[in-house]
Amino acid sequence: MDPLQELLDRVKPSTEAESLWLKNIFTFISEHLSPVVCSSAPSQTGNHNQQRAWAREAELAVPGQRALPRVNLLLIGCLREGRDGEYRLTDASGSVMCECLSLSPLWLNRPVFLPHWNYIPHNASGQEEAAGFLELIGSPVLLCPGAEQGLAAAPARVELSGVVGVGEAGRLLRHRVKGQRLSMFGEVGSVCPLLAVAGTTFFCFTLTDESRSLPVLVQDSSRLSWIQRVCVGQSVCVTALRVCALRGWRGNNILCVTKRSELHADYTHTQEHTQEHTHSESLLLMSQPAEDDCEEAEHEEVEMDQSAERIKQSKVISYQGMVTEVVSEGAGLYVLDGKVGLCMAYQPAAKRKLRAGDRVELHHAHFLYRPCPDFPPSMLCTCLRSSLRVTAFSRAGGSPPDNRCPGDGALPRLLLQRNIDVSDYLWTCHLSSQLAHSLVQGVWSQQCVCLLSWRLMETLSRAGGRGRRDIYSEMLDEPHTCPVTQYSVSSAVCQYLGVSELLESLQSDCWSSAPLSSLLPPDGSNLTSSQIKGFLSWSCRTLSSEPRGGDAVRQRPLLLGGVLELPSQTSEFKHSMQLRDATGAAACVLTESSEEEEGAQRAVFNSAWIGCLVGVVQLTMVTERFLQSDFPSYQHLDQDRFITHRGRLSICVLVRDVSFLPGYTRGRSQEGGDVTARKQTVEEEGEETAGSKRKRREEEEADSGNPWSCVSMVIRVEQKEGVSWRNTGAGAEDQEAGLRLCFSVKAAVIGPVVSWRRDPKNEPMTEKESEQKQERKVVLVFSGVCTRWFPVLQPGCFYRLIAANTQDPSVLIGCGVSGRSGVDLHAESTLQVRRGWRFHTLTRPLLLPTCRQAVPPTVLSVSEVLDCSSELVCFQGVVSERISVNNRTAHSGHTHSGVRLTLCDQAGRSLQVYLDLSHTPYPPGLLPGNTLLLSGFQRRLSRTGSVYCTYLPVSSITVVSLGDTSSAQPPPPAPIMHLGEWALSSKQRCTVGQVKGHVVCFLFLQLQWSCSLCGSVYTQGCSSSQCHSTSSVFQSKAKLVIDDGTGEAHVWFSAALVRALLGLADGQWEGLQRALRVRGHIRVFPRGQSQVCDGDADDFLLHFLLCLCSSDVMIRPLNLTCRKRTNQRPEESCVCLCFRGEEVHSRRQRVPDQTGSSPSAHLSAPPP
290 MDPLQELLDR VKPSTEAESL WLKNIFTFIS EHLSPVVCSS APSQTGNHNQ
340 QRAWAREAEL AVPGQRALPR VNLLLIGCLR EGRDGEYRLT DASGSVMCEC
390 LSLSPLWLNR PVFLPHWNYI PHNASGQEEA AGFLELIGSP VLLCPGAEQG
440 LAAAPARVEL SGVVGVGEAG RLLRHRVKGQ RLSMFGEVGS VCPLLAVAGT
490 TFFCFTLTDE SRSLPVLVQD SSRLSWIQRV CVGQSVCVTA LRVCALRGWR
540 GNNILCVTKR SELHADYTHT QEHTQEHTHS ESLLLMSQPA EDDCEEAEHE
590 EVEMDQSAER IKQSKVISYQ GMVTEVVSEG AGLYVLDGKV GLCMAYQPAA
640 KRKLRAGDRV ELHHAHFLYR PCPDFPPSML CTCLRSSLRV TAFSRAGGSP
690 PDNRCPGDGA LPRLLLQRNI DVSDYLWTCH LSSQLAHSLV QGVWSQQCVC
740 LLSWRLMETL SRAGGRGRRD IYSEMLDEPH TCPVTQYSVS SAVCQYLGVS
790 ELLESLQSDC WSSAPLSSLL PPDGSNLTSS QIKGFLSWSC RTLSSEPRGG
840 DAVRQRPLLL GGVLELPSQT SEFKHSMQLR DATGAAACVL TESSEEEEGA
890 QRAVFNSAWI GCLVGVVQLT MVTERFLQSD FPSYQHLDQD RFITHRGRLS
940 ICVLVRDVSF LPGYTRGRSQ EGGDVTARKQ TVEEEGEETA GSKRKRREEE
990 EADSGNPWSC VSMVIRVEQK EGVSWRNTGA GAEDQEAGLR LCFSVKAAVI
1040 GPVVSWRRDP KNEPMTEKES EQKQERKVVL VFSGVCTRWF PVLQPGCFYR
1090 LIAANTQDPS VLIGCGVSGR SGVDLHAEST LQVRRGWRFH TLTRPLLLPT
1140 CRQAVPPTVL SVSEVLDCSS ELVCFQGVVS ERISVNNRTA HSGHTHSGVR
1190 LTLCDQAGRS LQVYLDLSHT PYPPGLLPGN TLLLSGFQRR LSRTGSVYCT
1240 YLPVSSITVV SLGDTSSAQP PPPAPIMHLG EWALSSKQRC TVGQVKGHVV
1290 CFLFLQLQWS CSLCGSVYTQ GCSSSQCHST SSVFQSKAKL VIDDGTGEAH
1340 VWFSAALVRA LLGLADGQWE GLQRALRVRG HIRVFPRGQS QVCDGDADDF
1390 LLHFLLCLCS SDVMIRPLNL TCRKRTNQRP EESCVCLCFR GEEVHSRRQR
1440 VPDQTGSSPS AHLSAPPP
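With the sequence shown counted from 1, adding 289 to any position gets you my numbering.
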């Protein structure tokens, strides 16, 4: 179609004169304007090279954004006022909303040609603005008779009469006269945003002079477009104002615009020049944002470290800059000039959203310094008195819609309802963006994620909402007050981490955090190769979520979020639950507060936690490192070539308490099925064979009549065995022969099997579930996927066992053991737990009164285990020491198959427990400070008479309480013992005790340079012909007699304690080692009759040691913490004590050899 005819069809001239005028205008545009059109609107004769250069310039101005595409279109139409103060370009085919940088009233209701424009499509589909809007760049061309210059001209100055200033208008405002109208001029001080309250749309602006300011209310629909014409710093005159009363405002009287009111811009030229100069100077200063404010804020920040939270005052400034990043359009967050944040959430959302590349001018914005550590330090926040004006439109198309926060403004709506602190709002926005990526995708919508972030903020924040906002006071009151006048700055703002990010941080930190020498004791330079290997074989690093509590992953407190799940088949830890998000999963050792004892903890037993979304703040991250090495000596620790194998890292999260988010449980998916159940089904199908799948499909088809029906019975767990690899054989259901994870639970059945039309879950117990008069015992056998229920089932707790998709009660009746007639069988029936069965915990409020009294299992203390004679024990204690050991008979290849735990009780008595973990998954939480419940352990006596416990295939370990594992806590003090009573005691009453006495005499002293590999005497080389080691260590050993008044004891000292016993300084001890380097070793018997010392009569070193051991300095009081040897002969009347645990362990032949040593005992001696 001919372009001219198309123009005539669109404009539709009413007369022949208008048609001729349009033809002349078309010729004028074609001949004169088309060659110079160079905006984002295309030119019909544009050069492709120029277009590429223009696009490249636009993309360089805003990195990461693409320039707007160019098209060959001419836009002609009429500019008209729309609703709510907007402007629209209309023609016969329709209309589109227009945004203008500066609007002239001469453009309205006249046909115009737009030489420069941008078209921005709307991102949100299904809304009225889905067609997008136009951005008018520069002045349009007026297409009307008499337009000589073509471009729109500025309006001429109008002379008005009866105009008063702001001061005179203020005096007239106090005396309200009915029907009075006045005209007022002044400088625009502030422009409030457009508000819609109770169906009424309005906005306010203030006019000021040298001494006073007055607000003007604009609510007439035909005058709402003034909001695009009124600019801060501009001199204007408003006519036909009336005085009205504004309800809800304390000032009451206010000037209001009428239908006859007119707005005259640039009213006084002299004042205009002065004010514009001052205004531009102010903007120029504020574009370099508040360096003095930053310095003062930094000073305040130093003082803030002394307190957790500080209330600060914001400062009102003006600012101009360019939008460089759209952080979250839905939350109203942007970045200006790459370094200044902008929050517009406290204002109503504008129809036009800011884009990267827009140049903006802000007035009456609040400057905040470091309100939230997740945003730039310098932040600008707008309130209802702030104004934002776009001074230049971006030539970039903008980024795609932000999926981190909904575009409908869910968070700003919550902010309007709750009116929280700006610091809390900023942290909530950041948390929402983090949760949108870390939560399981497809389960929670964006609006749900925003509400979830808000709930987390309310749970963790101490301060609540501040009541409803007073919008009129915020816009009109002097002095100005608003929600961002004050803001809080806290050093304890939580930092959210995804599970995967946390695990990666722990892994990278574990191997590089500390040198290997830090894992050895203070006298590590004197350890042999085997001792060094034992110390390095296992190490543990604990990090706290609180930076003030010790080593931490981040400088701020951590926040983890996710769904609690049972352990999966791919999880390393089968004994604990796991916390999962969209990025990964981490094993969690969970404990909760006990109801029986205040301040106590207990293991998690509530199945209702499964599938719940939780937030975790108080947690300890534990990284266990297993290392195989062959270092010859201490000097070779910096050489990685002696590391033979770096075992895998075991990372676990210790959680004391979790915050459940009410209303957020991962119960149903979009398909209507249970998400947790569907995930378990996928894992189960991965283990099934073709035959088992066929059998399972047949069972599902048989039960497809009523898929919601189920049967149940209530049980009370009495005993639980540990998880271990067992040969199940081929007789198990849907299982092939081979090793599978298994465990069993002995339980008491409370009532009969009950049928249900739907799963009752953990609803209160009914009468029909306890009709059975006599309880029967049953053994539940778990194997394969069913072993995932191990962390939830705890002795002494009640559960409802659900068999889904069936109405047959026989599936919950166990199989008995067949026997001969006349023979009484005392074996319990056995029930194999099937796939798809569920366990629901019944807590005390859910039980009937007759079922509330559960027989607690017999749990012994460490002292009771030492004194009892039972072979199989169940006891509880606090871990004071954990050491890796090597079992001589085990060849499983596991790097952490042997563990020795030292457990103690409040009485200070200790017991050693040996664990063989070669046939069981590694249990987390075996750390010093934690309280463990050990069930089914074998109590044994060593050849020396000491009591220790060993792990059996039926043994079970449960972490019942979490201690402070971030720092090494000393064990409870050993009891004070009297040597006379201790020597005559025949029972295993105590192996470690405190002794206070004085030294009687020195019996023996041995100093030796030993080969670090084989232990032979080392002089110039190793004395063994089969060893070619070139490294040696210095070892010392001493024996003396101590008396406390009730008896005597022989006490052995070793390692660094010998130097302290002899009273030698560090330099003297090193000189003694150098003097012994040539001869290799020496033995001294100061009080021996038949023993012969090493050396001749002229040996000066021998004489020195004899004099030192026989001097009166050695005869002094000592306070000792030592271990008792019980393998002395019956005729010996004294107790044999030693400080180091390896002295005793070397004589045990039936227990694993220790590869790591106990800590040195305490030795204190008053000055002589």
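The beta-carbon is built from N, C-alpha and C at its ideal position, and this holds for glycine as well. On a predicted model such as this, the values are computed, not experimentally measured, just so you know.
Boundaries of the alpha helix (DSSP H) in which residue i is found, first to last residue
| i | result |
| --- | --- |
| D1332 | Not the alpha helix (DSSP H): D1332 falls in the beta strand (DSSP E), residues S1321 to D1332. |
| W1271 | L1268 to L1273 |
| A381 | Counting along the chain, A381 falls outside any alpha helix (DSSP H), and DSSP gives it neither H nor E. |
| I600 | Segment E598 to Q602 is the beta strand (DSSP E) holding I600; no alpha helix (DSSP H) there. |
| D713 | V711 to S727 |
| E457 | V455 to R463 |
Closest by C-alpha distance to residue i, when choosing among the options
| i | options | result |
| --- | --- | --- |
| S1343 | R1046, L1296 and P1375 | L1296 |
| M866 | T489, C493 and P1213 | P1213 |
| L1222 | Q1283, L1206, V1148 and I1265 | V1148 |
| T880 | H1339, Y714 and T1220 | T1220 |
| H925 | V605, L357 and G813 | G813 |
| L631 | K640, F656, G1011 and I426 | F656 |
| S678 | L364, C389, V507 and S603 | What sits at residue 678 in the sequence shown is Arg, not Ser. Out of L364, C389, V507 and S603, C389 has the C-alpha closest to the C-alpha of R678. |
| L364 | V401, E375 and A342 | V401 |
| S1250 | R1124, G1310, S777 and S882 | S882 |
| L703 | S727, R758, D1332 and A1092 | R758 |
| Q1227 | H1287, F1079 and E1160 | E1160 |
| D626 | T613, E618, V1043 and A634 | T613 |
| G1369 | D1333, A634, S1001 and D1383 | D1383 |
Other residues of its chain near residue i: CB distance less than 7 Å, five sequence neighbours each side excluded
| i | result |
| --- | --- |
| Q294 | none |
| L825 | L805, L808, L916 and S918 |
| W716 | C661, D663, M746 and V782 |
| E584 | Residue placement at E584 is poorly supported in this model, since its pLDDT is 46, which falls under 50; the coordinates are not used for a value here. |
| S818 | F920, P921, S922, S1301 and L1302 |
Extent of the continuous beta strand (DSSP E) to which residue i belongs
| i | result |
| --- | --- |
| W1014 | S1013 to N1016 |
| F656 | R648 to Y658 |
| H1392 | From DSSP, H1392 is part of no beta strand (DSSP E) but of the alpha helix (DSSP H) over F1389 to S1399. |
| I1091 | F1087 to A1093 |
| D929 | Unbroken run through D929: none, as it is neither H nor E. |
| Y761 | Careful: Y761 lies outside any beta strand (DSSP E), inside the alpha helix (DSSP H) at I760 to L765. |
| D1355 | Run containing D1355: none in the beta strand (DSSP E); it sits in the alpha helix (DSSP H), D1355 to A1364. |
| Q917 | L908 to S918 |
Below-7 Å beta-carbon distance, residue i vs any chain D residue
| i | result |
| --- | --- |
| C1193 | This model lacks chain D altogether, as it is built from one protein chain only. |
Cut-off 6 Å between Cβ atoms - residues of its own chain near residue i, not counting five sequence neighbours on either side
| i | result |
| --- | --- |
| I1265 | Q1283 |
| R1065 | V1038 |
| V649 | L677 and V679 |
| E960 | Unreliable placement is indicated for E960, whose pLDDT of 30 sits below 50; no coordinate value is reported for it. |
| C771 | C672 and E763 |
Expected contact under 8 Å - CB spacing of residue i and residue j to nearest Å
| i | j | result |
| --- | --- | --- |
| V1174 | L1120 | About 38 Å; that fails the 8 Å criterion. |
| V505 | L544 | 5 Å |
| L1204 | L1190 | 7 Å |
| P836 | Q844 | 6 Å |
| P1242 | H864 | In fact, because the Cβ distance is near 15 Å, the residues do not count as touching under 8 Å. |
| G475 | D498 | 5 Å |
| S722 | S617 | 7 Å |
| A892 | Q1083 | 6 Å |
Pairing CB atoms from the segment 668–675 with CB atoms from the segment 646–654, are three or more of them under 8 Å? yes
Do the segment 870–879 and the segment 774–793 make contact, defined as three or more Cβ pairs closer than 8 Å? yes
Stretch pair the segment 826–833 + the segment 1038–1051: three plus CB contacts closer than 8 Å: no
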